[in-house]
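Just so we're aligned, residue 5 is where the sequence shown starts under our numbering, counting upward by one.
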Amino acid sequence: MAEGLLELPKDNGDLEERGTEYFKDLRLRSFFQQSKGKKSCFVMHDLISDLAKSVAGEFICRLEGSGGGSCVMTERTRHLSNVQERYDVRQKFQSLAKAKGLRTFLITKSGCYFSIVSDVLMHDLMVKSSLRVLSLAEYTNIKNLPEDIGNLKHLRNLNLSRTKIKRLPNSLCKLYNLQALKLRGCSDLDELPRDMERLINMLYLDIRGTNLARVPEGMGKLKDLRMVTNFVLGYQTGSSISELGKLKHLRARLSISGLKTVACAMDAKDANLKDKVDLKMLKLRWGKDDDIDGDSRHDREVLKQL
5 MAEGLLELPK
15 DNGDLEERGT
25 EYFKDLRLRS
35 FFQQSKGKKS
45 CFVMHDLISD
55 LAKSVAGEFI
65 CRLEGSGGGS
75 CVMTERTRHL
85 SNVQERYDVR
95 QKFQSLAKAK
105 GLRTFLITKS
115 GCYFSIVSDV
125 LMHDLMVKSS
135 LRVLSLAEYT
145 NIKNLPEDIG
155 NLKHLRNLNL
165 SRTKIKRLPN
175 SLCKLYNLQA
185 LKLRGCSDLD
195 ELPRDMERLI
205 NMLYLDIRGT
215 NLARVPEGMG
225 KLKDLRMVTN
235 FVLGYQTGSS
245 ISELGKLKHL
255 RARLSISGLK
265 TVACAMDAKD
275 ANLKDKVDLK
285 MLKLRWGKDD
295 DIDGDSRHDR
305 EVLKQL
């Protein structure tokens with residue numbers, strides 16, 4: 005999707021279904037086969053993989069080992085896959101500067117429990133204005149993003165899952181083309197940028213395993229949002245439950261947290277859950293203990309209106 009291969013249907017149809025159709029077609033053509041080791045995974049046959057690499061030529065590069073292996077990036081390199089090591093040192097990315105038109109920076113796990121990346125890499129990536137996909141997942145020394153992240157105007161997919169990120173700069177909200185923001189397992193993150201409402205092309209927001217106290221005001225303006233894993237209601241500040249009602253295309257899973265903050269039970273009706281027919285899993289949380297207690301009459305009335 006980030007590379008324009010999977011476009012949003014004009015009728016607001018299901019992107020997952022469209023992608024699944026494409027994948028099934030490729031599988032029937034023997035591009036992919038089910039992994040013998042893990043049934044939920046699919047792999048390329050060695051012959052197909054070798055053919056794909058041959059056709060792609062200099063456009064792709066796969067970095068392995070502390071020195072990057074035999075792969076050397078050039079001006080023609082567009083897609084970079086990095087096999088994550090425990091310490092991804094500067095030497096590994098020494099030819100990155102040559103890849104001026106880089107569109108993809110992906111992480112491939114090597115089995116390390118934790119990984120640390122050179123600060124120089126962060127600086128070098130922030131000047132790659134052609135980037136569409138950026139994954140820095142599981143680098144445990146990443147605690148902040150530079151303000152320069154806002155310069156990556158073409159970025160559509162940003163994955164910071166399981167990093168130690170503490171805050172996201174508000175400049176991130178300049179990424180108007182951003183479609184997916186993945187923050188799963190960022191347990192130190194307790195706040196999203198205040199201008200999230202500007203990310204009008206956002207489709208997926210994964211904030212499972214974060215420590216958010218609330219989602220920002222104006223989330224209802226993200227009209228095309230397909231999935232927000234946790235809609236966190238805060239006391240007096242942040243998006244109200246009525247903002248949830250404006251998100252008409254939600255599907256898959258949804259968790260609503262902080263329902264104890266709903267002052268008027270009738271307001272819960274504005275969430276308009278009855279019309280979100282594509283939701284397959286719904287979780288309601290009143291407080292940290294998930295129990296309806298305290299003012300149980302009010303809590304039960306909120307549940308009724310939902």
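C-beta atoms are modelled at their ideal positions from N, C-alpha and C, and glycine is treated no differently.
Residue i (DSSP reduced to helix, strand or coil)
{"i": "residue 140", "result": "coil"}
{"i": "residue 281", "result": "coil"}
{"i": "residue 183", "result": "coil"}
{"i": "residue 109", "result": "strand"}
{"i": "residue 306", "result": "helix"}
{"i": "residue 52", "result": "helix"}
{"i": "residue 98", "result": "coil"}
{"i": "residue 65", "result": "strand"}
{"i": "residue 85", "result": "strand"}
{"i": "residue 27", "result": "helix"}
{"i": "residue 129", "result": "helix"}
{"i": "residue 47", "result": "strand"}
{"i": "residue 260", "result": "strand"}
{"i": "residue 153", "result": "helix"}
{"i": "residue 121", "result": "strand"}
{"i": "residue 9", "result": "coil"}
{"i": "residue 287", "result": "strand"}
{"i": "residue 148", "result": "strand"}
{"i": "residue 22", "result": "helix"}
{"i": "residue 251", "result": "coil"}
Residue i and residue j closer than 8 Å at C-beta
{"i": "residue 112", "j": "residue 146", "result": "no"}
{"i": "residue 230", "j": "residue 212", "result": "no"}
{"i": "residue 169", "j": "residue 192", "result": "yes"}
{"i": "residue 289", "j": "residue 246", "result": "no"}
{"i": "residue 3", "j": "residue 206", "result": "Residue 3 cannot be examined here, being either before or after the span of the chain that is shown, 5 to 310."}
{"i": "residue 309", "j": "residue 273", "result": "yes"}
{"i": "residue 64", "j": "residue 83", "result": "yes"}
{"i": "residue 137", "j": "residue 107", "result": "yes"}
{"i": "residue 81", "j": "residue 68", "result": "no"}
{"i": "residue 196", "j": "residue 232", "result": "no"}
{"i": "residue 110", "j": "residue 86", "result": "yes"}
{"i": "residue 334", "j": "residue 217", "result": "Beyond the ends of the chain as shown, which are 5 and 310, falls residue 334; an answer cannot be given."}
8 Å contact criterion, which residue i and residue j should meet: CB distance rounded
{"i": "residue 203", "j": "residue 164", "result": "Contact flag wrong, Cβ pair sits at about 15 Å."}
{"i": "residue 38", "j": "residue 27", "result": "Incorrect: roughly 12 Å between the Cβ atoms, too far for contact."}
{"i": "residue 98", "j": "residue 119", "result": "That belief does not hold up - the Cβ atoms of residue 98 and residue 119 are roughly 18 Å apart, past 8 Å."}
{"i": "residue 141", "j": "residue 161", "result": "Not confirmed; about 11 Å, so no contact."}
{"i": "residue 92", "j": "residue 121", "result": "5 Å"}
{"i": "residue 275", "j": "residue 291", "result": "Actually they do not touch by this definition, with Cβ atoms about 18 Å apart."}
{"i": "residue 199", "j": "residue 215", "result": "Actually they do not touch by this definition, with Cβ atoms about 21 Å apart."}
{"i": "residue 313", "j": "residue 285", "result": "The structure shown does not extend to residue 313, since the chain is modelled only from 5 to 310, so the question has no answer here."}
Margin query: Give the list of continuous beta strand (DSSP E) stretches no shorter than 3 residues that lie fully inside the region 186-245.
Written below: The region 186-245 contains these whole beta strand (DSSP E) runs: 208-210 and 234-236.
Notebook entry, point to check: Touching or not, the region 154-170 and the region 124-133, by the rule of three or more beta carbon pairs under 8 Å?
Noted result: Result yes; three or more Cβ-Cβ pairs closer than 8 Å.
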